[in-house]
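What follows is one structure encoded as structure tokens, with my remarks underneath.
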Amino acid sequence: MTDVSTLDLLLWVVLPYMVLAVFVLGHVWRFRADRFGWTTRSSQIYESRLLSIGSPLFHFGIIGIFFGHVVGLGIPKSWTEFLGVSDHLYHLMAITIGLAAAVACVGGLLILLYRRRTNTRVFGATTAGDKLMYLMLSLTILFGLLATIVHSALGTYDYREGVSIWFREFWTLRPDPELMGQAPIFFQLHILSALLLFGIWPFTRLVHVFAAPLGYLTRPYIVYRSKDPRKEAERRGWEKVKY
Amino acid sequence: MRVMAQMSMVMNLDKCIGCHTCSVTCKQAWTNRSGTEYIWFNNVETRPGQGYPRGYEDQEKWKGGWELGRNGRLKLRAGGRLTKLLQLFSNPRLPGIEDYYEPWTYDYDNLLRAPAQQETIPTAPPTSLLTGERTEITWSGNWDDDLGGTYAAKDLDPMLKGIEEKVTMEFDQTFMFYLPRICEHCLNPTCVASCPSGAIYKREEDGIVLVDQDGCRGWRMCVTGCPYKKIYFNHRTGKAEKCTFCYPRIEQGEPTVCAETCVGRLRYIGLVLYDADRVTEAASTPDEKDLYRAQRDLLLDPNDPEVIAGARAAGIPHDWLLAAQRSPTYRLIKDYEVALPLHPEYRTMPMVWYIPPLSPVVDVVRDTGYDAEDAESLFAAIDALRIPVEYLANLFSAGDVPTVERVLYRMAAMRSYMRDINLGREPKEGIANAVGMSGQEMEEMYRLLAIAKYEDRYVIPVGHHESAHDLESTGTDCPLNAPGGPGMSMSPPEEPMGMSGPGYATQRRETVPRPEAGRVNLLNWDGTGRPEGLFPSPATGSA
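In order, the protein sequence lines correspond to chains A and B. Under our numbering, the first residue of the first sequence is numbered 130, with each subsequent residue one higher. Under our numbering, the first residue of the second sequence is numbered 38, with each subsequent residue one higher.
See below:
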């Protein structure tokens, strides 16, 4: 640990924690200061045909990829080995499921990018922040794809013995920057671009990820609210002060 | 019984001249911002016609409103909760901007930039507000006004389905009327039920349906859910917006902007009480044609002692109860039974009601040389003129012709009955009795429909804010009024006190030490020295 280069330390320890702070505090700030802006800013009203193909493809694809990351980064190799899943079987599953999700995600993203650029109505409603976000998102996905193809599928790098361990150590607050410093270039680029994406996340339309309306599944259909804040308080929250 | 109060509106379509004043004043008040150019909280449609957005009543296509499932229970026509969540990324039933119209402005700068002495007259060409490019204007909010363009597109009116052959021949001669539309502020609103974020809500106090702009996340399911397409998507902010029933005005006891500015004075606003426990049951009525009756029966008689007790128990203020008893909408809906809901078959229990127009019938009777004020000829004409009556039934009673006929009979009878009075003849009680009313009722209905004054058309109780204001620590009160404020003792009160409750003022005087008690009468002061009691006596030990 003593001969870690300053650059590695900055990139794989300092930067990630800074990004984490920006990500969390940024969302808190955005929610408190700009709840009105917390929206998907849907452009479906401008154009529906391409969106109806591209958007579900992209979103379901990236949700699949998210869960793939949860498994790949979150579950230690020893656990799957304990369950009797061989390396070969694990990689087979990861590649097939991952490939399907990646095709959907990338295909959807390409359709959406094409739509956003060529449809003048949609392009007219695209802000500078949107463009930066699309750039970072596309780069992250591109580097992720390259890392998987070049280093994992065709190469010999096992991310479960490198990147994944660094990732888990990050959450237990003692990350080893060497694990990342020795990782292949596309993994490094993938993670760097992802960190930048997370850094701008709270300030872009990506906040809509944290608006996923799961409560809709359980709430009653018709919602009533009162003008009187006291009546609203009765529903939920702190105990009322008895005068 | 769970009594709730609901603001409701009745529009008398016979009086609508299609001037669009309501639309324009509403737009000036509410939707004159960017992103809302195409949004008309209030619009006036010429019927027959496609409406706005085009063909919104075709629920086979748009899937708005509720339907009965196979088990007889209500379900959202566009799909339930899980379907909605799976369709978040692309809503298959969302109207596009082309179903409304592409908003535009004019390039007035072109006029200013034109060089002097230019040979051709400069123009201000239209430019799209979405792209900023030159555009062709092909449609707008009332493009088919006064049947303009309706010939080319008349089969596109969803309400003409089944009667289009009969209409083809007599289309231009038979009938035309205007239908002003705002949000229906339904008792069983599908927009509220469709909102994944729970941002749309019905206000407990007055039943007004509102969108919490901070809670809306732009999932746009409400636009699909509303069968009247009265929720719009602000394409700049990415949020849903809808008619607010001008709630800030209503809270002050003032009518909505559309009603206030209505040239024909055809709108009535009043409070109705309804039984919230029975709404779902009424909306689940198996036969569509019984829905009007079920909806009418939901409204409670505000003079019934049981209802009054229920209203008290539900915390409805006394002045609101009095307003419900004087409500013009209740009289038109329940007493005279002349107001009908728009499309009861959507099962949303809409609370903007319409008196269907008799004028198409009257026009035909007059044009054919008969006496258009004579009850007999009018009754006969209502029976004979199937097309307008069937069309009206498609709009106002789920296709049940007798329901519309009953209303038209009453309106015709009123015309006839009142003519005798106006001409100084003996009124014929028989005319009133023929439509199940007494002569006196007929005259009262006439007064309400024809000459009711502002205070009679709009019976709107002022909203109650005082309870919220009383809430301790909300910071809405003037600090001078609170113990510990300037001029009061600086020591905190012994216990937190609400501003409400009997004897609060005297209690405060007793518990909070004041610098000086008693009043000072400066009239008795001779101008010299310090008047007795004006300033506090200096405390011992102070500077």
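The C-beta atom is built at its ideal place from N, Cα and C for all residues, glycine as well. Since the model is a prediction, treat every value here as computed from it, not as a measurement.
Please list the terminal residues of the continuous beta strand (DSSP E) segment that includes SER165 of chain B. 163-165
Distance cutoff 9 angstroms, beta carbons only. Does PHE195 of chain A sit that close to anything in chain B? no
Do we get a CB-CB distance below 9 angstroms when we pair THR169 of chain A with the residues of chain B? Taking Cβ atoms only, chain B reaches closer than 9 angstroms to THR169 of chain A, which makes this a yes.
Please list the terminal residues of the continuous alpha helix (DSSP H) segment that includes LYS326 of chain B. Segment: none, LYS326 of chain B is in no alpha helix (DSSP H) and carries neither H nor E.
If I measure Cβ to Cβ from ALA402 of chain B and keep anything under 7 angstroms in the same chain, skipping five residues before and after, which residues do I get? According to the sequence shown, residue 402 of chain B is Val rather than Ala. ALA409, SER414, LEU415, ALA418, listed in sequence order.
Quick check on the burial criterion: 16 or more other C-beta atoms within 10 angstroms. Buried or exposed for PHE572 of chain B? exposed
Quick check on ASP312 of chain B: does DSSP put it in helix, strand or coil? strand
Can you have a look at HIS222 of chain B and say buried or exposed, based on whether 16 or more other CB atoms are within 10 angstroms of its CB? buried
Quick one, which residues of the segment 170-192 of chain A are near chain B if we go by CB-CB under 7 angstroms, in chain order? Of all residues in the segment 170-192 of chain A, only ARG170, SER171, GLN173, ILE174, TYR175, SER177, LEU180, SER181, SER184, PRO185, HIS188 place a beta-carbon less than 7 angstroms from a beta-carbon of chain B.
At least one CB of chain B closer than 9 angstroms to the CB of PHE165 of chain A: is that the case? yes
DSSP state of ILE306 of chain B mapped onto helix, strand, coil: strand
Quick check: what's the CA-CA separation for HIS188 of chain A versus ILE158 of chain B? So the alpha carbons of these two residues sit roughly 53 angstroms apart.
Nearest candidate by alpha-carbon position, reference THR62 of chain B, set B:ASP404, B:CYS280, B:GLU241, B:GLY185: The residue with the shortest Cα to Cα distance from THR62 of chain B is B:CYS280.
Considering only the alpha carbon of each residue, which of B:ARG150, B:PHE433, B:ILE54, B:ARG484 lies closest to MET196 of chain B? B:PHE433
Contact criterion: CB-CB distance below 9 angstroms. Does LYS260 of chain A meet it with respect to chain B? Contact with chain B is absent for LYS260 of chain A, since none of that chain's Cβ atoms lies less than 9 angstroms from the residue's Cβ.
Using 10 angstroms around the beta-carbon of PRO342 of chain A, count the other beta-carbons present and answer buried if the total reaches 16, otherwise exposed. The residue is buried, with at least 16 neighbouring Cβ atoms inside 10 Å.
Can you give the Cα-Cα distance for ASP356 of chain B and LEU241 of chain A, rounded to whole angstroms? A direct Cα-to-Cα measurement between ASP356 of chain B and LEU241 of chain A gives close to 56 angstroms.
Could you check which residue in B:TYR383, B:PRO378, B:THR385, B:ARG384 has the C-alpha nearest to that of ILE11 of chain B? A question about residue 11 of chain B goes unanswered here, because the residues of chain B that appear run from 38 up to 580.
Say whether the segment 240-258 of chain A touches the segment 303-319 of chain A, bearing in mind that this needs 3 or more beta-carbon pairs closer than 8 angstroms, one atom from each stretch. Output reads no: the segment 303-319 of chain A does not touch the segment 240-258 of chain A.
Contacts that LYS276 of chain B makes with chain A (C-beta to C-beta distance below 8 angstroms): The answer, in chain order, is PHE165, THR168.
Determine whether the Cβ of THR335 of chain A lies closer than 9 angstroms to any Cβ atom of chain B. First, the residue type needs correcting, since residue 335 of chain A is Leu and not Thr in the sequence shown. When Cβ-Cβ separations below 9 angstroms define contact, LEU335 of chain A makes no contact with chain B.
Anyone know if the C-beta pair for ARG257 of chain B and GLN173 of chain A falls short of 9 angstroms? Yes, the Cβ-Cβ distance between ARG257 of chain B and GLN173 of chain A is below 9 angstroms.
is_contact[SER134 of chain A, chain B] using C-beta, thresh 9 angstroms: no
May I have the straight-line CA-CA distance separating VAL389 of chain B from LEU328 of chain B, to the nearest angstrom? 15 angstroms
At least one CB of chain B closer than 9 angstroms to the CB of ALA150 of chain A: is that the case? Any Cβ of chain B closer than 9 angstroms to the Cβ of ALA150 of chain A would place that residue at the interface, and such an atom is absent.
Note down, in chain order, all residues in the segment 139-168 of chain B with a beta-carbon under 7 angstroms from any beta-carbon belonging to chain A. Within the segment 139-168 of chain B, those residues whose Cβ lies closer than 7 angstroms to any Cβ of chain A are, in chain order, LEU167, THR168.
For SER234 of chain B, decide whether its Cβ has a neighbour in chain A, counting only Cβ atoms nearer than 9 angstroms. yes
Is there a Cβ of chain B sitting closer than 9 angstroms to that of ARG250 of chain A, yes or no? yes
Suppose you measure from the CA of GLY540 of chain B to the CA of ARG330 of chain B; what does that come to, to the nearest Å? Confidence at GLY540 of chain B is low in this model, with a pLDDT of 48, below 50, so its placement is unreliable and the value that follows should be read with caution. Those two C-alpha atoms are separated by around 50 angstroms.
For chain A, is any of its Cβ atoms less than 9 angstroms away from the one on PHE282 of chain B? So, not an interface residue.
Using the beta-carbon count (16 or more within 10 Å), is PRO132 of chain B buried or exposed? PRO132 of chain B is buried by the Cβ-count criterion.
Less than 9 angstroms between the beta carbons of ILE268 of chain B and ASN79 of chain B, yes or no? no
Check the Cβ of HIS272 of chain B against every Cβ in chain A and list those closer than 8 angstroms, keeping chain order. SER172, ILE174, TYR175, ALA254
Can you tell me whether DSSP reads TYR271 of chain B as helix, strand or coil? Here residue 271 of chain B is Asn; the residue named in the question, Tyr, does not match the sequence. Looking at ASN271 of chain B - three-state DSSP - the assignment turns out to be strand.
Does DSSP put ALA489 of chain B in a helix, in a strand, or in coil? coil
Starting from the beta carbon of SER355 of chain A, find every residue of chain B whose beta carbon is closer than 8 angstroms, and list them in chain order. ARG240, GLU241, GLU242
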